[in-house]
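Protein chains: 2
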Amino acid sequence: MIASFRRTLSALAAFSLATGPLVAQTAPPSGYASVDPFIGTGGEGHSFPGAVAPFGMVQLSPDTDTRCEIRACYPHAAGYRYEDPTIQGFSMTHFSGAGHSDLGDFLVMPVRGDVVPLEPGDPATPRSGYRSRYAKQSETASPGYYAVQLDDAQTRAEMTAGTRIGVQRYRFTPGAPAHLVLDLRSALYTYPGKTLWSSVRIRPDGTITGMRETRGWAPARKLYFAMRPSAPLTGHGFFNAEEKVPYKGFQGPSRGRDDAAQLAGRALVARLDFGLLDRPLEVKVALSSVDEDGAIANLDSEPGDFDAIRARTRAAWEAALGVLQIDAPAPMRTSVYTALYHSLMAPSVFSDTDGRYRGPDDQVHRAEGFTFHSTFSLWDTFRAEHPLLLLVQPERRNADFIRSLLASQQASPFGILPVWQFHGRETWTMIGYHAVPVIADAYLKGVRGFDADAALAAMVQSASYGPYGGLDWYMRLGYVPIDKEPEAASKTVEYAYDDWTIARMARALGKADVAATFEKRAGNWRNSFDAKTGFLRARLSDGSFREPFDPTAINYGSDYTEGNAWQYSWFVPHDQAAMFRLLGGDAAAVRKLDAMFDFDNSKLDYSHAEDIAGLIGQYIHGNEPSHHVAYLYGFAGQPWRTQERLTQIVGSQYKPTPDGLSGNDDLGQMSAWLVFTALGFYPVAPGSNQYVIGRPFVDRAVLTLPNGKRFTVVASGLSDANRYVGKVTLNGRPLPRGYLRHEELVAGGELRFTMQPRPNRSWATARAARPYSASAAGVR
Amino acid sequence: MIASFRRTLSALAAFSLATGPLVAQTAPPSGYASVDPFIGTGGEGHSFPGAVAPFGMVQLSPDTDTRCEIRACYPHAAGYRYEDPTIQGFSMTHFSGAGHSDLGDFLVMPVRGDVVPLEPGDPATPRSGYRSRYAKQSETASPGYYAVQLDDAQTRAEMTAGTRIGVQRYRFTPGAPAHLVLDLRSALYTYPGKTLWSSVRIRPDGTITGMRETRGWAPARKLYFAMRPSAPLTGHGFFNAEEKVPYKGFQGPSRGRDDAAQLAGRALVARLDFGLLDRPLEVKVALSSVDEDGAIANLDSEPGDFDAIRARTRAAWEAALGVLQIDAPAPMRTSVYTALYHSLMAPSVFSDTDGRYRGPDDQVHRAEGFTFHSTFSLWDTFRAEHPLLLLVQPERRNADFIRSLLASQQASPFGILPVWQFHGRETWTMIGYHAVPVIADAYLKGVRGFDADAALAAMVQSASYGPYGGLDWYMRLGYVPIDKEPEAASKTVEYAYDDWTIARMARALGKADVAATFEKRAGNWRNSFDAKTGFLRARLSDGSFREPFDPTAINYGSDYTEGNAWQYSWFVPHDQAAMFRLLGGDAAAVRKLDAMFDFDNSKLDYSHAEDIAGLIGQYIHGNEPSHHVAYLYGFAGQPWRTQERLTQIVGSQYKPTPDGLSGNDDLGQMSAWLVFTALGFYPVAPGSNQYVIGRPFVDRAVLTLPNGKRFTVVASGLSDANRYVGKVTLNGRPLPRGYLRHEELVAGGELRFTMQPRPNRSWATARAARPYSASAAGVR
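Going down the list, the protein sequences come from chains U and G. Sequential numbering of the first sequence, starting at 1473, is according to the numbering used here. Sequential numbering of the second sequence, starting at 1473, is according to the numbering used here.
The structure is reproduced here in structure tokens:
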């Protein structure tokens, strides 16, 4: 979700698949070696290039600009933009591809020399602050590692990260005193009043600890740190840049001096002096949401120096990326492995080593028997990111996600599952209760290790909490009325899908009454569908559709969420066949899909709306509502049309370059789409246990599943010319269906596509060969 | 410390002692019945009339005004002023007699009717808000209980308190809906930006919990609450009065409605609805510094309804006040018992029932084997309050104070003992390191139950922390130089005294090296004493005294702390004899004491200075530096002059009326002075184990000591006329000394004064009969 339309992006160069497998003269590089962390750090991706361990709590990455007053903050949501000429510092926390700004906690910057600026300075005026210019060619990054030569600071900076720690290494050019600036004001983004409170202290053993409580995207988010430099301090200064503080009480030992052992306030910056160093300075920093002792314990739990941590994290990445072995030309290899890399960052570890974490109620809880994860971008990730993680991460990790969601529901002041949570805090971003399909999909695909009955109860409770998002009206009327609640059309259809997943899980648990209730609710999408115009539309509480109606309009607080009727009318993933019948049948559905993809946008201007990027007509690949839509042709019996659209989308929306993502990566969803699509199938309706077959983009892929079995995809004859699926076999037998069952996938085996230059207009066209639809399945 | 000079107060009516014991026809009321909690709630006392248990964490008391923009906030430091015509609400936390404003947490006000105002309104405009008029005659208070009839609210309000809980009882006039307003904005005092963060939620079981983090006198103080009403809510509203919030993120279920289960922000107010009630509404509230679960556990730890809690706390007060049995006319009984009551509030319990508390580093700690107490107004209370508590409270309580101080030092980012701490937070108010004499005095008087070696180490560390209060200069030069550090003269002499107590404790522990170091430092008062003018003066770092010099000048940031040369020149309690020699001998010292008491202030104006109240010439009883000074005549061999001055002070500075304290009670110090003085002796130099004998103001007193023994004071023949001590016997034998030894006191026995109308000019005049002086004792 959330990415600005940039017209220039519609000119993205298409992938060239022409070189094919012939160029692979030597053994291809490993998955690890194929990742390019710079992909998505320009353009619309909002990725960061810094160091992170798989699902790590720390994302240690350069910030090129954190201030919102200089330029739009939206493009700097991850702190870094590839094209920026200066680096302001290195901070410990970043979202991978979010459309909203926050984090950027605990920015550190090396400064060399006798004068230590305490302000970042203006990027346009060299040496006006502690920020430094750098040469692009000096930058290098690989999973868990980032390095750059800072020209003004005359320092080589390297970053690596463990699970709860980040390690910085600075090689100062000899001959002048070395310092670090720790700017507790800096945030993504920085604005007056964001820091509610902060503190920093030097402990007798030299450990520097502190905290910051910020009001940003998340309210009153508290984060603590513990920092240990490899060299002793030769001096320090703690400064408070607050100008006017009413009745702040008396000052302590810091009165009139800046070398006190502790300082607290709302605009702190610290100078740490190291004198003349004869070896690189390493700075190890750990985080905790609990307290400073928690941060210290986390620091102690991951011993070793920079190189040791870097090697450990590299091994973790090699293992995590190693579950997928693909043969493909280098550009596609890079894109897919980087996509997999981007899929393995969130939800991220959030509890301390002792299990404690700060939850949605701002209280400290302890995760007993699991690791609490946070950063759930659920409106995005229920679609393909979580389904992908079920295939590439251990059951334990997936169960931990669900236990984290359930623990959050238990601690929620509202008694409901997370909506968009990070660092344990609810942000109420986007719509729906999409923790529900994440849990249902995992349960139906066999994930255990959590209390399924309690999970179902939490799901039902989340779907029944009246004050949330017009749910009381939805439960009364069968749809969300637009005169009572904004974005009502989008909410109605997303609730209906979520309800269907509750019903599916209830059936699996033998709870017939719950299942019946939610099977009925699953049909509520019909209440907002206008058969006359053929669009999903917002209804008023009196039952009429809201007028005037413009299916191309995109506005905040409108009938739709980050989109319009063109994109949202397709959101019936659980009952696409019924929706097509309402449209007038398969031919009409295909005509409408084509009308969307082929729409002439020349008279439209969406520059006012964020997150509208990656347009193909009225299809918007840069935002999630469109993500399943190219796969819908198959539901109308024309899978070759899906194959055409996927060719068009992959070729125009992904590139192995910094501006290579056409929309926000959204904590892995954009990337997970590519991983699935490259393999030739996609989870259109999580909860159905079906993957709709598209077309593969790699010559061969071997997926080592969490159960240890291997599932191989072969795309025989794949080339730019052979872009259509001619034949499909599963384990040597023809697969006449347009979908793969989850049970077939996890049993291991080989899915073989025979590619050809022309469409196969007979494969998987029969009604019985089409993917899941609730109505076809006998529900309603 | 800290109280404004009000000229009207110099007209305080003197005590009439004329009625004598003859009026006591029936058994006198108990100590409990003699307490008048309204004493000190007008005038300069800054006391509160509300409900508190001995040393309780909760002080549940009415606030008549909390806003600083309407009138000066200083007079409302305890929230309540006796003369105010309206009550704004009842809040859970108050200082008893502080000169600085903070607390006032979690204000609740009953509202009756269909319209519920959410603003307090203007006292001058009835019914302009939720505040209510009340009739003075409807008010009643006794230890642990307060009640008032609220006219506008048509509700009888009663308050009681346990250790960590407060209970409110509201009897709404029937016939209209009952509500409570919980105003999370209200504080002592309230100003924009004070609340850093706050939240409130209703839990599924009906418990209301929340928190507030404020930046007031203490920085970033966090306090949590749990509230249980006796009747179920029929509705509620949570509101946020913040006007402009940059980038606050999305809103949750509260969007567009006010009945969500939770709200967080910086300006919250809650409306709680109870409908038509047919019985009184009781509201039980517990506090915690740790988290909401801590508050809930504290709530559960003190079961029972309003009447049960009230009875339990009454019994606790009867026991605490019962250690002192006095015979005296009613006004003096009331004054002394109320003084004892005021002495038994702080330091107050701060850890939760499970031992956890938030310490000076803002981290959560656990008190193992003791109860953590906070609210240490040490600059005030080291003088007489802590010495009194050693005589009237169990050793365990006194040991807990010291363990709390030591735990605070351990958690201090600066590694030093508290200076002025409340709610676990350091405020850096006033000067000195007066935790040191508190610990030394307790140890030398036999209190055990803490690690004495660790305590001495903490004391030495506190006295050696260079960045604090010019200590690095003090250690280098032997005095604090005024060109480097403000209030240097006061600091020099207070450090010297504190140093002497370190030396005393080190000697007792056999640490000769530490003792020698600090015995030397104890003489540093000489370095700031100007023999030529006969005054303590501030020196520059070049050794010269600062000019110009005006011994009557009182200014902030001057050479002295809340005082001038007249008051501060007497602060050598540990070596008064040497100081008198510097002044030119006993006669010169007496002349100077008289010059101070008899000074003509008619040409001076101290209205700009707070805490300058209770003036007798240049003697200022309303502030602490003077408290020992009337006792100094005895050090010059003229104890009858002390007796005269005490008669003058007691008669002019204390009354059993709301305006009956001439200065801030300062967490019991003003009151403890009266308790000691009424008994006939005073701890001029805590650490000396001597009590200097003055003159008694009660006919008879029996003190039950912590060791179970009884010490009786008899003032034979006491009357307004018989104001001089004629004869003193201890256990029947003449006591020729002007002081009592602690060992003699705790052994139990009888101290009998025979009072007479004329001075006895021969008793206790010999040099050997005079109280402790370090130089006389052979030190230095």
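Even for Gly, the Cβ is constructed at its ideal location relative to N, Cα and C.
* Under 6 angstroms Cβ to Cβ from U:L1683, same chain only, skipping five residues before and after it: list those, please. => Before going further, note that residue 1683 of chain U is Met rather than Leu in the sequence given. Once the five neighbours on either side are set aside, the close Cβ partners of U:M1683 are S1671, Y1696.
* Kindly indicate which residue of U:R1855, U:L1622, U:G2220, U:Y1661 has the alpha-carbon position closest to the one of U:V2147. => U:R1855
* Asked: Which residues mark the beginning and the end of the alpha helix (DSSP H) in which G:P1859 is found?
  -> 1857-1864
* **Own chain residues within Cβ distance below 6 angstroms of U:G1638, not counting five before or after** => V1530, L1532, M1564, V1757
* Asked: Closest Cβ-Cβ distance between G:A1926 and chain C: below 7 angstroms?
  -> Given the protein chain composition of this structure (U and G), no chain C is represented.
* Distance between beta carbons of U:L1850 and U:H1906, contact taken as under 8 angstroms -> 4 angstroms
* Asked: Roughly how far, in whole angstroms, is the beta-carbon of G:T1973 from the beta-carbon of G:D1913, given that I think they are within contact range, below 8 angstroms?
  -> 7 angstroms
* **Contacts of U:R1673 in chain G (Cβ-Cβ under 9 angstroms)** => D1833, P1885, F1886
* Looking at chain U, which residues of the region 1553-1585 of chain G have a Cβ within less than 9 angstroms of any of its Cβ atoms? -> Within the region 1553-1585 of chain G, the residues whose Cβ lies closer than 9 angstroms to some Cβ of chain U are H1572, S1573, D1574, listed in chain order.
* **G:G2250 (DSSP reduced to helix, strand or coil)** => In this structure, G:G2250 counts as coil in the three-state DSSP scheme.
* So does the region 1511-1521 of chain U actually touch the region 1566-1585 of chain U, counting three or more Cβ pairs closer than 8 angstroms? -> Touching, per the Cβ criterion.
* Run the CB neighbour count on G:P1819, radius 10 Å, all protein chains shown included, and call it buried at 16 or more, exposed below. => buried
* **Cα-Cα separation, U:T2176 to U:V1795** => Going from the Cα of U:T2176 to the Cα of U:V1795 covers about 5 angstroms.
* To do: Compare the C-beta of U:P1953 with all C-beta atoms of chain G and state if any pair is closer than 7 angstroms.
  => Not an interface residue.
* Along the chain, where does the alpha helix (DSSP H) that runs through U:M2051 open and close? -> 2048-2055
* Asked: If U:G2152 sits next to U:L2223, beta carbons under 8 angstroms apart, how far is it from one beta carbon to the other, in whole angstroms?
  -> 7 angstroms
* Using CA coordinates, which residue listed in G:Y2028, G:S1600, G:H2093, G:Y1642 is at the minimum distance from G:V1620? -> G:Y1642
* Under 7 angstroms between C-beta atoms of G:G1593 and G:R1605 -> no
* Asked: Cα separation between U:P1885 and U:G1941?
  -> 16 angstroms
* Beta-carbon of U:D1763 versus every beta-carbon of chain G: anything under 7 angstroms? -> yes
* Cross-chain neighbours of U:V1836 in chain G, by beta carbon under 9 angstroms -> V1762, D1763, D1765, V1836
* Asked: So, helix, strand or coil for G:S1482, using DSSP?
  -> In this prediction, G:S1482 scores a pLDDT of 32, lower than 50, which makes its location untrustworthy; the coordinate-derived value is nonetheless stated afterwards. In this structure, G:S1482 counts as helix in the three-state DSSP scheme.
* Ends of the beta strand (DSSP E) at G:N1712? -> 1707-1712
* **G:L2177, DSSP secondary structure in three states** => coil
* **Interface partners of G:W1851 on chain U, CB under 8 angstroms** => Listed by position along chain U, the residues whose Cβ is nearer than 8 angstroms to that of G:W1851 form an empty set, because the closest Cβ is around 12 angstroms away.
* To do: Just confirm the distance between the C-beta atoms of G:F1644 and G:L1753, as a whole number of angstroms; I'd bet it's less than 8 angstroms.
  => 7 angstroms
* Starting from G:G1766, follow the alpha helix (DSSP H) in both directions and report where the run begins and ends. => Annotation for G:G1766: the continuous alpha helix (DSSP H) segment containing it runs 1764-1773.
* Asked: Taking DSSP as the reference, what is the three-state secondary structure of G:Q1626?
  -> coil
* Asked: Would you call G:L1579 buried or exposed, if buried means 16 or more other Cβ atoms sit within 10 Å of its Cβ?
  -> buried
* **Closest Cα partner of U:I1798 within the set U:E1715, U:G1503, U:V2218, U:A2241** => When each option's Cα is compared against that of U:I1798, the closest is U:G1503.
* U:R1657 classed as buried or exposed, judged by whether at least 16 other C-beta atoms fall within 10 angstroms -> buried
* **G:Q2228 to G:N2194 span [Cα, whole Å]** => 4 angstroms
* To do: Determine the extent of the beta strand (DSSP E) in which U:P1595 is found, giving its start and end residues.
  => Segment: none, U:P1595 is in no beta strand (DSSP E) and carries neither H nor E.
* Asked: Closer than 7 angstroms, CB to CB, is U:W1789 near chain G or not?
  -> no
* Asked: What is the residue span of the beta strand (DSSP E) that G:H1837 lies within?
  -> 1836-1838
* Does G:P1547 come within less than 7 angstroms of chain U when only Cβ atoms are used? -> no
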